[in-house]
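Residue numbers (this note's numbering), protein chains in the order written: chain A, 1 to 383; chain B, 1 to 383; chain C, 1 to 383; chain D, 1 to 383. Quick reminder that beta carbons are idealized off the backbone N, C-alpha and C, glycines included. Computed from a prediction, not measured in an experiment: that's the story for all the values here.
See the structure below:
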């Protein structure tokens with residue numbers, strides 16, 4: 001099974017390479033770049049160099065072109081499934097070529113993340129070019145849409161709109177609290193209709209490989225600041241996803257920050273609860289509030305009990321970006337504020353893995369009928 | 001004028017040393033340590049070593065004891081004003097000694113931060129020992145209590161309850177929006193009665209100098225996580241302060257995080273506004289919302305127009321921890337979410353300066369009748 | 001095949017867990033701790049928590065004791081091979097127990113790294129307790145001693161003295177230049193008898209998990225300094241190893257530094273060459289010198305052409321710690337100074353992998369007859 | 001006294017601004033930029049924004065042009081002394097204009113660092129344009145050339161060739177060992193004629209403000225690597241300077257590295273001594289060697305006893321980049337290797353201060369007859 005990667009020279013592309021080289025069901029890779037065809041991936045990423053002996057079995061996956069980057073069309077021609085790790089607006093064209101060839105396409109841009117063109121064009125500044133393609137696409141958040149992905153796949157090649165990094169971290173943290181499906185394990189959680197506030201911080205790899213002021217070490221080390229407040233393009237994606245989870249429109253405030261770490265997103269989600277207790281002199285969390293917190297934590301664990309990549313953490317362990325690094329896990333810890341009136345969920349992912357390449361491979365596994373965790377089982381190091 | 005520092009061996013103590021060595025009105029320092037009397041501050045902090053020639057004029061401020069740490073009582077005896085940079089529960093005793101000697105005491109612990117003993121004992125686990133001392137004390141947030149500090153000082157030596165780091169960053173960011181004083185420059189801001197949410201991240205220096213798991217480089221670099229959610233002791237301090245600013249009880253949710261930076265706190269404050277617009281497909285900030293945002297930003301700037309240490313940033317510049325490093329500034333940027341329903345203020349301070357030692361020196365300047373910015377005028381480097 | 005890890009709670013122990021959980025030939029783990037028996041490894045390292053579903057196949061390797069740490073003796077009893085990740089002076093006892101049981105022991109302390117007791121006791125302050133054990137031990141640098149490990153293994157259970165982190169990075173970089181074996185591919189390199197200078201910098205994980213001043217984030221971030229100059233215990237280990245490689249006594253100067261990174265050692269090795277050209281006005285590397293440099297680089301590549309974990313980098317790519325992170329590679333780049341008189345080799349390893357746990361697993365693979373690269377094939381990410 | 005800064009938008013320029021804003025003898029600044037005339041320095045460096053009240057006395061120094069960047073010629077016209085913080089090859093022109101106007105020029109490029117044009121053109125690829133200007137120039141390392149600077153200044157306006165960052169850290173560490181002046185306090189140090197090896201690591205600010213692959217956070221955090229081995233342009237500058245100090249040609253090997261810190265250079269200098277003791281089993285530093293080390297350390301302290309910016313550290317304290325951050329100090333610690341045959345000096349500076357802007361201000365103080373330490377007395381923080 002040959003996997004193609006268009007946009008292999010970017011950070012998400014490189015992360016796809018790393019994961020797929022170790023994937024037992026992928027026997028070959030075809031790497032493409034729009035801007036750098038003809039370059040060698042090992043010049044761009046010397047971390048992928050082989051040893052002198054060159055006998056690392058992973059490296060044998062670089063096929064006839066070896067480690068040279070080819071043109072996107074050649075990549076599609078050589079592949080059984082294709083990943084597009086490209087800017088918004090470029091995905092539809094490659095998706096079309098893939099479907100025409102009869103293979104599935106997993107798009108890491110925003111082109112296939114929205115239900116309707118209106119929201120997309122409002123935030124991305126241009127309409128879809130091929131609305132019909134979107135009938136064969138599905139938003140690739142497996143915890144929400146696993147069955148839909150399988151159904152669609154059963155009918156032929158599909159397009160996966162791989163979720164954004166922030167939307168993954170935020171939406172997964174909201175799902176157990178907002179879900180209103182009959183039988184959902186969240187009966188102890190009563191959200192109020194007020195807005196969900198998602199305050200998130202991302203590592204610098206999220207800015208991409210292009211050198212810029214905001215990823216210059218001297219400008220971003222020892223520094224934290226917000227950016228694009230009220231204007232980040234992941235806002236409508238989160239808004240649409242959590243509203244779908246809730247079965248109602250859920251107001252959202254989303255504030256992204258940039259912090260001096262390489263990998264990882266930590267999202268802090270504030271979900272207002274229906275009942276409010278407020279007291280200036282309240283001790284830190286009464287016994288009553290602690291019990292309520294434990295009950296909600298148990299709801300979360302029950303809700304996600306069959307999910308292979310969600311870790312609802314036990315009491316006293318906080319979700320932390322370092323403990324999911326290079327893994328596909330989404331860690332979440334569940335808390336109440338001192339008055340018991342707001343549910344606070346801390347959600348941590350590796351923005352390059354569960355937030356991009358790892359989730360894309362998870363989607364590939366579903367689409368191709370592999371074990372969903374194949375190639376994604378490595379446990380993270382602490383550092 | 002001799003300044004004494006009890007707790008000189010800790011990070012806040014060392015920061016007091018750094019600032020006071022450069023303070024033009026302080027001619028000598030007396031350094032004390034409860035746990036390390038007899039040790040030399042230059043062994044603990046070789047950054048304070050003099051050059052071979054020893055002719056740095058600052059160093060002449062180390063007096064008869066030179067750079068040796070003395071006992072607290074000796075420090076008080078030798079000083080004209082005393083700083084206590086010590087854990088909660090230890091401040092009252094030294095405050096008593098200072099008042100008895102007839103000199104003022106600036107306390108960096110939580111002992112003098114609360115109006116009443118009830119809140120203090122609920123969160124700190126023990127009551128005040130000397131309630132009468134608190135009649136001579138004032139919460140040392142100059143932007144809120146400058147006049148009160150001066151009034152109290154006019155009547156004799158005083159005790160300053162120097163604010164906590166998070167409360168400084170959060171309260172200052174809330175003040176222009178919540179203040180209901182007649183004539184306050186905030187007529188364009190209409191907060192709703194809902195809870196203020198303060199989501200903040202602190203640098204590792206906030207954990208103090210004692211080595212611990214949470215300040216181990218390998219455990220906290222490339223990592224962000226929350227801690228003490230619903231239980232942090234700065235919660236009631238913020239709650240009390242912003243309620244005082246508002247003239248009403250303001251519900252508060254406060255979530256502290258730890259991030260991989262040395263200095264700095266960035267607080268993101270969410271203040272719900274009275275009017276709400278919500279739309280799933282809203283474009284990023286309509287012109288109407290942008291104008292509303294600009295009006296609120298102008299209110300903030302007008303509100304703080306006479307404050308020497310508040311920088312309300314122009315549009316498109318976000319408050320960032322690095323740009324206030326080693327300075328006494330509190331930078332704040334003013335934003336609206338994409339629906340215009342929540343005011344979002346980003347507030348950045350250096351947790352060791354405006355969040356501790358710098359604000360303490362600012363208070364000293366007020367108490368001793370110096371220019372309030374004396375010794376605190378250095379502009380920050382970018383890195 | 002059950003692998004035991006004594007000292008599982010330390011960083012090297014945790015790294016062994018991470019690698020062995022993904023090792024295809026290891027079916028179970030037995031974790032032991034001297035100081036923390038009865039604790040759960042997932043409390044100490046929440047990164048090893050399973051997902052809600054608990055279906056990560058790796059986690060099934062935690063055996064009857066699950067993730068609880070047992071006593072060392074119980075670990076040895078349960079295991080087919082044992083790793084000791086413990087301080088110097090503790091390895092001999094466990095080695096003895098393993099040999100008595102008839103299984104091999106891989107020791108990550110310094111106890112089995114020296115040929116004679118004299119050097120060990122001079123630097124470690126105490127003599128060997130069981131000199132006879134050392135007849136069954138071998139210094140586990142596979143690139144130097146692979147055959148010796150195999151020979152010894154053929155005769156029964158063995159003890160591996162797993163090399164120190166600095167000695168691995170430094171010795172491997174010296175080997176092609178110093179080796180005098182007939183037929184060695186180094187005929188173009190003529191070292192002078194002068195001292196080899198090894199200047200190295202290590203990441204903070206090298207200080208271990210115990211919190212201390214030198215691993216406090218605020219003391220070691222944005223900081224580089226040397227430590228233990230002229231006194232580091234890896235000095236005699238390097239000295240003995242490179243002398244063995246050269247077949248003569250090679251004088252050594254070794255200077256370790258600590259830098260603000262988590263993982264990695266970068267060693268810069270200066271090997272004086274027999275011919276010296278010196279000119280104040282020499283241009284940066286004449287064509288003649290560049291050609292000489294290329295020839296030496298080719299010698300290095302040829303020397304290591306069969307080594308699976310050595311990457312001799314092409315011209316213009318410098319060895320860098322980040323590009324070997326979490327991998328067992330030793331990257332080296334080969335340079336000449338501007339006068340062509342000193343060979344400069346830059347050598348990068350992950351101090352926790354090729355410098356500790358990874359090399360230990362490499363040794364295990366040799367001892368147990370597995371493919372030498374088993375469990376160690378994952379290519380590193382860039383970050 | 002108005003100071004002009006051409007190249008104010010770069011990092012060295014911004015550092016000059018920071019230092020000069022706090023300098024008591026400088027009453028005004030004129031900021032110029034070749035590439036960004038008309039831009040506002042506070043847009044480029046919001047850290048220099050004033051508070052709302054705008055009453056920071058430092059800020060009053062921004063003169064008629066306020067914080068707008070002017071053209072270089074206008075800057076020269078407005079100034080009493082001018083700093084050029086520009087790339088190599090641009091300094092001569094501005095120097096000429098300054099001398100013509102009758103004011104001194106302090107050049108931070110390499111244009112005035114060499115005694116002869118031959119070396120400069122060999123390494124920088126082009127000859128001097130105005131050889132006559134160099135008769136009025138002096139290499140501005142005050143510890144070496146203080147008297148020469150004063151002599152030249154006595155005769156009229158001068159040009160200072162401000163030293164490079166690496167050359168400052170390395171040369172100052174070599175001076176006491178190599179100096180052969182009669183009466184020099186170094187009689188206990190007997191260097192051999194062998195090459196001095198200088199292994200140095202620099203923080204990322206050394207790469208300048210232009211975003212590039214080598215200063216991208218994700219490429220350089222958690223990473224150390226060498227660069228330009230055998231080819232760095234600071235090589236001939238160091239070579240010429242230490243040869244002048246020694247009164248003979250001193251062979252040099254120089255290897256620069258880049259590390260994940262913002263500010264600072266740590267140089268490790270290896271100076272071979274005339275006598276060599278070598279023993280494989282030597283204990284870590286015999287009493288004899290320790291005493292020899294202490295004697296050399298005392299020589300260093302005596303040599304620099306009148307220098308205001310050199311701190312020769314006591315035993316057991318290692319030079320560290322963090323402890324000189326934002327200061328003009330050069331810290332050095334003195335060591336012997338375990339055999340006592342090589343002198344190892346660790347030398348730490350802030351590359352932006354003593355390595356650039358601070359030393360430039362020190363030179364300005366000498367040229368203008370101010371106290372040499374004016375504006376440079378602030379003691380560094382630990383972090």
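Is the stretch 134-148 of chain C touching the stretch 224-232 of chain C in the sense that three or more CB pairs, one from each, lie closer than 8 Å? In short, these stretches do not touch, since the Cβ pair count stays below three.
- [ ] Quick one: list the residues of chain G neighbouring residue 285 of chain B, beta-carbon separation under 8 Å, in chain order.
- [x] Here chain G cannot be found, since the structure's protein chains are A, B, C and D.
Practice problem: Could you please give me the residues that DSSP links to residue 255 of chain D through a beta bridge? | Solution: D:199.
Exercise for the section: Tell me residue 349 of chain B's beta-bridge partners as DSSP assigns them. Expected result: Bridge partners of residue 349 of chain B: B:265 and B:330.
**Q.** Proximal chain B residues relative to residue 197 of chain A, where beta-carbon distance stays under 7 Å
**A.** Around residue 197 of chain A, the beta-carbon contacts reaching into chain B at under 7 Å are 197 and 270.
| task | May I have the straight-line CA-CA distance separating residue 296 of chain C from residue 26 of chain C, to the nearest angstrom? | result | C-alpha separation (whole angstroms): 40 Å.
Exercise. Starting from the Cα of residue 310 of chain D, find the closest Cα among D:327, D:215, D:201 and D:255 and give me that residue.
Key: Checking every option, the nearest Cα to that of residue 310 of chain D belongs to D:327.
>> Quick check on the DSSP output: the alpha helix (DSSP H) that includes residue 83 of chain A runs from which residue to which?
In response: Segment 81-84 is the beta strand (DSSP E) holding residue 83 of chain A; no alpha helix (DSSP H) there.
Checklist line | For residue 311 of chain D, the three-state DSSP class (helix, strand or coil) | finding: DSSP, read as helix, strand or coil, puts residue 311 of chain D in strand.
Which listed residue (B:253, B:179 and B:285) has its alpha carbon closest to that of residue 336 of chain B: Selected option, being the one with the closest Cα: B:285.
Residue 337 of chain C touches chain D at which residues, Cβ-Cβ below 7 Å? Among the residues of chain D, those whose CB is under 7 Å from the CB of residue 337 of chain C are 230 and 253, following chain order.
Starting from the beta carbon of residue 370 of chain B, find every residue of chain D whose beta carbon is closer than 9 Å, and list them in chain order.
-> Those within 9 Å of residue 370 of chain B in chain D number zero; the least Cβ separation is about 14 Å.
Exercise. Closer than 6 Å by C-beta to residue 127 of chain C: which residues in its own chain qualify, once you throw out the five before and the five after it? Chain order, please.
Key: Answer for residue 127 of chain C: 117 and 121, listed in chain order.
task: Determine the chain C residues that contact residue 262 of chain A at a beta-carbon separation under 8 Å, and present them in chain order.
output: For residue 262 of chain A, the C-beta contacts it makes with chain C under 8 Å involve 383, in order along the chain.
Review point. Under three-state DSSP, which class holds residue 34 of chain A?
Key: Residue 34 of chain A falls in the coil class under three-state DSSP.
- Item | Cβ separation of residue 253 of chain C and residue 139 of chain D, assumed to be a contact under 8 Å, to the nearest whole Å | The Cβ separation is near 31 Å, so there is no contact.
Practice item. Could you tell me whether the Cβ of residue 241 of chain B comes closer than 7 Å to any Cβ of chain A? Key: So, not an interface residue.
* Output, in sequence order along the chain, the residues in the stretch 284-305 of chain A whose CB is closer than 7 Å to any CB in chain D. => For the stretch 284-305 of chain A, the set of residues with a beta-carbon nearer than 7 Å to any beta-carbon of chain D is empty.
Worksheet item: According to the Cβ coordinates, are residue 167 of chain B and residue 234 of chain B closer than 7 Å?
Response: For the 7 Å CB-CB criterion, residue 167 of chain B and residue 234 of chain B form a contact.
Closest residue to residue 350 of chain D among D:317, D:74 and D:321 (Cα-Cα distance)
Ranked by how close their Cα comes to the Cα of residue 350 of chain D, the residues D:317, D:74 and D:321 have D:321 in first place.
Taking the alpha-carbon positions, what's the residue 18 of chain A to residue 260 of chain B distance?
Approximately 26 Å between the Cα atoms of the pair.
Q.
Here's a check: name, in chain order, each residue in its chain whose Cβ is nearer than 8 Å to the Cβ of residue 36 of chain C, leaving out the five neighbours to either side.
A. In chain order, 9, 44 and 69 place their CB closer than 8 Å to the CB of residue 36 of chain C, counting only its own chain and leaving out the 5 sequence neighbours on each side.
Looking at residue 12 of chain D and residue 169 of chain D, is the spacing between their C-beta atoms short of 7 Å?
No, they are not a contact pair.
- With a Cβ-Cβ cutoff of 7 Å, do residue 299 of chain B and residue 172 of chain B count as a contact? Not a contact, by the Cβ cut-off of 7 Å.
Notebook entry, point to check: Is residue 362 of chain A buried or exposed, if buried means 16 or more other CB atoms sit within 10 Å of its CB?
Noted result: Counting the other Cβ atoms within 10 Å of the Cβ of residue 362 of chain A gives 16 or more, which makes it buried.
- For residue 219 of chain C, which residues in chain A fall below 8 Å Cβ to Cβ? One finds nothing in chain A with a Cβ atom closer than 8 Å to the Cβ of residue 219 of chain C; even the nearest lies about 14 Å away.
Query raised in the report: Is it a yes or a no for the stretch 219-228 of chain C touching the stretch 91-99 of chain C, going by three-plus beta-carbon pairs under 8 Å?
Result: Because the criterion of three Cβ pairs below 8 Å is not met, the stretch 219-228 of chain C and the stretch 91-99 of chain C do not touch.
For residue 215 of chain C, which three-state DSSP category applies? Looking at residue 215 of chain C - three-state DSSP - the assignment turns out to be helix.
Among A:220, A:367 and A:380, whose alpha-carbon lies nearest the alpha-carbon of residue 157 of chain A?
Of the listed residues, the one whose Cα sits closest to residue 157 of chain A is A:367.
- Item | Boundaries of the alpha helix (DSSP H) in which residue 91 of chain D is found, first to last residue | Where residue 91 of chain D is concerned, the enclosing alpha helix (DSSP H) starts and stops at 91-101.
| request: Drop a sphere of 10 angstroms on the beta-carbon of residue 207 of chain A, count the other beta-carbons inside from all chains shown, and report buried for 16 or more, exposed for fewer. | output: It is buried - the Cβ of residue 207 of chain A has at least 16 other Cβ atoms within 10 Å.
### Task
Label residue 240 of chain C either buried or exposed according to how many other C-beta atoms from any shown protein chain fall within 10 Å of its C-beta, with 16 as the threshold for buried.
Burial call: buried.
Whose C-alpha, out of A:163, A:323 and A:109, is nearest the C-alpha of residue 264 of chain A? That would be A:323, whose Cα lies nearest to the Cα of residue 264 of chain A.
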